[in-house]
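Note sheet for the following structure.
There are 2 protein chains.
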Amino acid sequence: MEVAPIGAQARTLPDPRQVPSKGVIPVMRARGLVLTAPGHLALQEFDLRPPDPGEVRIRVAGCGLCHTDISFYSGAVKTRHRLPLVLGHEIAGTVVEAPPPHADLLGKDVVVPAVIPCDTCDLCRAGHANACLSQIMPGNHADGGFATDIVVPGRHLAVLGSDRGGYDLAELAVIADAVTTPYQALERAGAKAGDLVIVIGVGGIGTYGVQIALARGARVAAIDIDAAKLERLAQFKPDWTFNVRETDGSAIKKKLMAESAVSTSRWKILEMSGTAPGQELAWSLLVPAATLGVIGFTMDKPQIRLSNLMALDATAFGSWGCSPTLYPAVLDLVFSGRVTLRPFIERRPIAEGPELFARLTGAHEGAARRTILIPK
Amino acid sequence: MEVAPIGAQARTLPDPRQVPSKGVIPVMRARGLVLTAPGHLALQEFDLRPPDPGEVRIRVAGCGLCHTDISFYSGAVKTRHRLPLVLGHEIAGTVVEAPPPHADLLGKDVVVPAVIPCDTCDLCRAGHANACLSQIMPGNHADGGFATDIVVPGRHLAVLGSDRGGYDLAELAVIADAVTTPYQALERAGAKAGDLVIVIGVGGIGTYGVQIALARGARVAAIDIDAAKLERLAQFKPDWTFNVRETDGSAIKKKLMAESAVSTSRWKILEMSGTAPGQELAWSLLVPAATLGVIGFTMDKPQIRLSNLMALDATAFGSWGCSPTLYPAVLDLVFSGRVTLRPFIERRPIAEGPELFARLTGAHEGAARRTILIPK
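Sequence order for the protein chains is A and B.
Note that the first sequence covers residues 0 to 375 in numbering that gives the first Met the number 0.
Note that the second sequence covers residues 0 to 375 in numbering that gives the first Met the number 0.
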């Protein structure tokens, strides 16, 4: 099969069975998880065009499987690029083809930012790279990383040195979204030492949200419906954990008010479950001059009194991805051991992808560990 | 009847029919609109205690009637202080009793801020005076300004000089909420020259929101369901007006995208109708990196996809009242003629208050002009 090539606009590629002649772009065959229609994902060979100037080809070491991929798979959220499309946006790998101006990247191990801004649009120039109008998110705007190879822009790649905190390259794939997304959200919330950070949903990204908040010296409350997910956070010593199967927003707020002694203007409530009940819980925790961040995504509409923002002079923000400029700080947190990946990840061969997607779709709770699919 | 005295905590007042003896606090008789139960408002005499140190007594020149007063009257929103209570929080008047440390205020004409912060709580010290935990809003936390006299804190009163732009004192009552509240919201939104400011609901506060945004050099779109309200704004030359009885959010967004040429990160969408449909419209206008302000209040819960904040990397804030520190800038806008009050206000004798409250309750559209009740 031939999937649409990378880039916002589809182009016609030559038939690879023809002998390339002068002037015809040579293509290579890659192998990856191709979504042809909602619910239809298969490991297939596909044509991969060579990198244009400004782009590089990366041999993928591993690609993390995110809740968003499941939403694309099920059809709950449409990909920006039409199907068929290779999914996957949490990518680590090695640059194996690097035309100018990125020849210096050849052979380098890199993490590919999940959202790659264009640097030139109005929003990029206004300091809103996150909302870049021409952003490329692999596996959404273009073919993604559940594949042997991927062609991506060479700009903004996070180049790895020799100190990797004991992690191997594939494991670092989860930096590109699972770890950087909560980092950006905590930056955006202005979370600092002495603040109260409340993380709702300690799954794929929330586990890192809790660790990053603790690394910043905040007091942290972790909330989930899954006792096992709360228990495995115990090693990081969050100040409070709450299982909302056993308590509710009103009791949580009361307890945090009584015990935290943190001024309400320093409450940062971060919704990372991507569910309407999680968003309703977040809203119920609003206090005067507090900040609420929406980091998880759901198409569902929660039942919330929007006017509470006014009555409490409060702020709600949404945070999309992470600016590539913040990746070095995130890598430093991971390599220095202040943020730990290993209890929260597992590797599986890419061939297990289709079965794994099917299993996770419609599951009430996410996977216990984030799966990194290995294409080799 | 004896209403609860001003201040967050009720105190026992002496029976005014007794001859005051040494050590007994003398009280005076005032006259005002007392809400005894939802829907029960009457012009009555009541006991008014003398000002404590730090407070002053003001002879009220006029008090504006706000949508919030109607919500208190109907019972849709409860007052913070128990009933019975004198309503009214848009007050202009003359200081007639001023014990130390505010003796210098005696005889001064003033506007009373609708929300008076304490200056000492955590939130005040953290720069969030709007959300002050011990704030006093007359007619909500304490007896209000639909009365001949009121006792309020002497701090933060906006003292008027001789240049009043041709307005008389009673007319300036609407500064305290109707004009300052949208000013604070535009400050909070960071609205500046060249931004696109979209005001939804050009009633009591929205009319001023439009004028203030234009005075700041923003491009302005005014939206309402009332053609007459939109027409009377024509003299101020907003860039666009939309009647949502004739169009919808999708068409408005498309038109503003095509015609404004303002980067979406500079869109400031300000909901001032205080209705769920207005909030849903505001939400539908969200664009990448935009800012949405909730300034009107409703207990209703709109149907909104909260996650759009995340997908668009956008911000929503609520703005409550206005910091007294901003009142001088607002007075300057009004006295210099850049913001015009007169087409939007009318005076009525306070005796007409009960009938007016009853008429406005449940009305689908607010009053064409904001009524200033005159106690004399």
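Cβ coordinates follow ideal geometry from the N, Cα and C atoms, glycine included.
This structure is a prediction, so every number in the text was calculated from the model and none was measured.
Chain-ordered neighbours of residue i on chain B, where CB pairs are closer than 9 Å
i	result
A/I303	K300, P301, I303 and L305
Supposed contact pair residue j and residue i - C-beta distance, whole angstroms, cut 8 Å
i	j	result
B/V338	B/Q234	That pair is no contact at about 12 Å.
B/Q43	B/V33	5 Å
B/D271	B/I294	Just to set this straight, residue 271 of chain B is Met in the shown sequence, not Asp. Sure, about 5 Å apart at Cβ, within 8 Å.
B/G38	B/Y72	7 Å
B/L104	B/V94	4 Å
B/Y182	B/V329	5 Å
B/G53	B/G153	6 Å
Under 7 Å by beta carbon: chain B residues contacting residue i
i	result
A/M309	V293, I294, F296, G317, S318 and W319
A/L132	P287
Inter-residue Cα distance where the pair is residue i and residue j
i	j	result
A/S322	B/T297	36 Å
B/L255	A/F145	39 Å
B/P276	B/S335	35 Å
A/A284	A/S306	With the sequence shown as reference, residue 284 of chain A is identified as Leu, and Ala is not the correct amino acid for it. Whole-angstrom Cα-Cα distance: 14 Å.
A/E351	A/P374	10 Å
A/P99	B/V286	35 Å
B/A288	B/L311	6 Å
B/T147	B/T314	43 Å
B/H88	B/G63	7 Å
A/R265	B/L269	25 Å
B/L291	B/A212	15 Å
A/T360	A/K77	15 Å
B/K107	B/V198	35 Å
A/F316	B/S318	15 Å
B/S70	A/T246	33 Å
B/A362	B/F356	10 Å
A/A102	A/R58	16 Å
B/E96	B/A128	26 Å
B/G126	A/A75	42 Å
B/G138	B/R48	16 Å
Nonlocal neighbours in the same chain, by C-beta distance under 7 Å from residue i, ignoring five residues either side
i	result
A/L229	V201, A221, D223, T240 and N242
A/S133	C117 and C120
A/Q302	E279
B/A377	Because chain B spans 0 through 375 in this model, residue 377 of chain B falls outside it and cannot be assessed.
B/Y207	A177, V178, P181 and V338
A/I349	L32, L42, F145, L372, I373 and P374
B/R244	I224
B/G383	Outside the shown range of chain B, which is 0 to 375, sits residue 383 of chain B, and nothing can be said about it.
Close-in-space but distant-in-sequence residues of the same chain around residue i (CB under 6 Å, 5 per side omitted)
i	result
A/D68	L86
A/S20	With a pLDDT of 45 at A/S20, under the threshold of 50, the modelled position of this residue cannot be trusted; read the value that follows with caution. Nothing listed; no residue qualifies.
B/V110	A91, A157, L171, I174 and A175
B/S161	none
B/T274	T297
A/V196	A190, A212, A217, V219 and K267
Within chain A, the residues that residue i reaches when beta carbons sit closer than 7 Å
i	result
B/H127	S264, A288 and D312
B/Q278	L305
Sequence-distant residues of its chain with Cβ nearer than 8 Å to residue i (five each side left out)
i	result
A/A353	The question names Ala, but residue 353 of chain A is Pro in the sequence shown. Cβ within range, chain order: L32, L40, A41 and L42.
B/G216	K191, A192 and G193
B/E345	R368, R369, T370 and I371
A/T35	M0, A41, L82 and P83
B/P112	H155, L156, A157, A175, T179, G320, C321, P323 and Y326
B/A227	A367
A/R358	none
Residues bridged to residue i (per DSSP)
i	result
B/Q183	The partner list for B/Q183 (beta bridge, DSSP) is empty, contrary to what the question assumes.
B/W266	B/L195
B/W282	Answer is none; B/W282 lacks a bridge partner.
A/W414	With chain A running from 0 to 375 in the structure shown, residue 414 of chain A is simply not present.
B/T314	A/F316 and B/T290
B/I349	Looking at the DSSP assignment, B/I349 forms no beta bridge with any residue, so it has no partner.
B/V109	B/G92 and B/V158
A/D148	A/R58
B/R28	B/D46
A/G63	A/E89 and A/I371
A/L84	A/L34
Within chain B, partners of residue i - CB distance below 8 Å
i	result
A/D121	S262, T263 and S264
9 Å Cβ cutoff, residue i in contact with chain D
i	result
B/P37	Within the model displayed, chain D is absent; protein chains A and B are what it includes.
heavy atom of the ligand ADP below 8 Å from residue i C-beta
i	result
A/T67	Among the components of this structure there are no ligands whatsoever, and the ligand ADP is therefore not found.
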